[in-house]
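>
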């Protein structure tokens, strides 16, 4: 949430000083990151990471180390197109969390596009013609049919959400109308993130703090002129270049947040020389505290291998899909051979006879077979094709369900907070036949217990992986309880236990925030969360644990927030 449009604009202005720098070295620190050593009188180490939990771009204070030992296709193409070349420009689309590095090298001009958009983050190498050369993450039409990111396909930038406006173009008078229409006690920062381009939760809370003095202030408390003025102030460095990177610290000195401006929403803030330094301190603490990084990477590799093999199998099965008209033509060929066998001479390669519609039809024959044997061969092919016509659609559905389940396991792994939760993902892979069982593998009871929060006198249960989702929904949930899940993405099943009582709107909204936080939308500015009664949630027939269908839902737009 802190690596937003303003943060990357601040970094972009800093990188302008490195234009003309030569790329001396390229490494892959991990499977989702690219490191570039740039020489411009001195060496600079630029890190770009499409890590779903911590997407970032910054100049780091140490030499970047190689983490991926093999020369992947991406690394080979980076060395060809970027290695030895010069950085000639750094651009950023309006209001986006995207940086594009433009290079000129011996192979020609190219771009390295860093899309730092939460779980959708990617690093994409693009040719001078605009075609994708390679990417950290391949996105095929089976994942996103509107925007394919695969080699030899044209690069398409991410679409902007509809219905939003640039933050500097809304006048005080327009804010007066917008704020007066806000219902209830909705916080100002949520109104800002839902109505404006380029405004992250961090920036939105900063505007609220500068306007009212409280980052959680309600929208109805905010003076329209104050909102317009605070937005203009926060976004002024885009035109003026007056960046002022700051860190926010807690009482123990731990970095809580960073921004390219002074943070009025926190009491304890500290200026830093560059936005890269601010990001380095913030991410260093978080990445260093992931004691389970190695275990997480091992299981992530298993998930990726399972996803790759399942996609390959799905492609093969789709290529085997049988045209029903062709199936019927096999049956008709056998019948016509029997009907007109008197026309067939020994050794004929084919025979032309009247078809069922009266049109001439030529049927291929095996010269070594009698007419009856030829007809039987066609009937055998017909029966085989008929079985395939029935079995292949079911097989396609099963493989598609497996891919959906793997997406859920991938999200479970990203959100895992301890070793038992990581092990639970591995166990799910073992149970599905995608991974070998570890020697002396033991299960922890902690990994099997859903998380519980109390919202007033309403307990809620949150599943943190696929088996827990199954438990929350079908073991803990009663038909009258409310069930919540982020729309269209993997994530937690959440149950609000109501004991037959009406659930207040503020409790439902807070539970929706938690459901969004424990989902693949955690790093997004906002997320749609569906709410329905548990009675309307059904297991998906024949699918893996935790996959469901539901109906009669309503949808809330919320900002992902952890539990109390």
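Numbering (the numbering used here), first residue to last: 5 to 568.
A virtual CB, placed ideally from N, CA and C, is assigned to each residue, including glycine.
Between residue 171 and residue 187, what straight-line distance do the alpha-carbon atoms span, to the nearest angstrom?
21 Å
> Among the candidates 492, 319, 393, 207, whose CA atom is the shortest distance from the CA of residue 331?
Ranking 492, 319, 393, 207 by Cα distance to residue 331 puts 393 first.
> Going by DSSP, what residues sit across from residue 158 in a beta bridge?
135
> Going residue by residue through the stretch 259-319, where are the continuous beta strand (DSSP E) segments of at least 3 residues, counting only ones entirely within it?
259-263, 273-275
> Which residue's Cα is closest to the Cα of residue 148: 95, 163, 203?
163
> Express the C-alpha separation of residue 69 and residue 31 in angstroms, rounding to a whole number.
7 Å
> Near residue 274, which residues of its chain fall below 7 Å by C-beta distance, leaving aside the five closest residues on each side in sequence?
250, 251, 253
> Between residue 365 and residue 399, what straight-line distance do the alpha-carbon atoms span, to the nearest angstrom?
34 Å
> What's the gap between the Cα of residue 174 and the Cα of residue 90?
40 Å
> What is the residue span of the alpha helix (DSSP H) that residue 19 lies within?
9-19 is the span of the alpha helix (DSSP H), which, as asked, contains residue 19.
> Would you call the CB atoms of residue 386 and residue 340 closer than 8 Å?
Going by C-beta atoms, residue 386 is not nearer than 8 Å to residue 340.
> Quickly, what does DSSP pair residue 560 with across the bridge? List them, please.
533
> Assuming contact is defined by CB atoms lying nearer than 8 Å, are residue 117 and residue 104 in contact in what I supplied?
yes
> Looking at residue 269: is its Cβ nearer than 8 Å to the Cβ of residue 225?
no
> Tell me the DSSP bridge mates of residue 523?
495
> Would you list, in sequence order, the uninterrupted beta strand (DSSP E) runs of no fewer than 3 residues that lie entirely inside the stretch 137-202?
none
> Which value, in whole angstroms, describes the spacing of the CA atoms of residue 384 and residue 499?
53 Å
> Please determine, among 471, 476, 470, the residue with the shortest C-alpha to C-alpha distance to residue 463.
476
> In terms of DSSP beta bridges, what is residue 37 paired with?
53
> Measuring straight from C-alpha to C-alpha, what distance separates residue 243 and residue 495?
39 Å
> I'd like the span of the alpha helix (DSSP H) that includes residue 228, first residue to last.
228-239
> What residues are listed by DSSP as bridge partners for residue 109?
Paired residues: 112.
> By how many angstroms is the C-alpha of residue 135 removed from the C-alpha of residue 486?
Roughly 47 Å between the two C-alpha positions.
> Enumerate in chain order the residues of its own chain whose CB-to-CB distance from residue 158 is below 7 Å, with the five nearest sequence positions on each side excluded.
Here the set comprises 134, 135.
> Smallest Cα separation from residue 44: which of 19, 62, 60?
19
> By how many angstroms is the C-alpha of residue 408 removed from the C-alpha of residue 11?
34 Å
> Between the stretch 338-356 and the stretch 464-473, are three or more C-beta pairs nearer than 8 Å?
Short answer: they don't touch.
> Sort 86, 367, 115, 431 by Cα distance to residue 358 and report the nearest one.
367
> Have a look at residue 356 and residue 324 and give me their C-alpha separation to the nearest angstrom.
29 Å
> Less than 8 Å between CB atoms is the rule here; does residue 263 satisfy it with respect to chain C?
No chain C appears in this structure, which consists of one protein chain only.
> Confirm the yes/no value for this check: CB of residue 132, any heavy atom of the ligand COA, distance under 7 Å.
In the structure shown, the ligand COA is absent, as is every other ligand, since no ligand is present at all.
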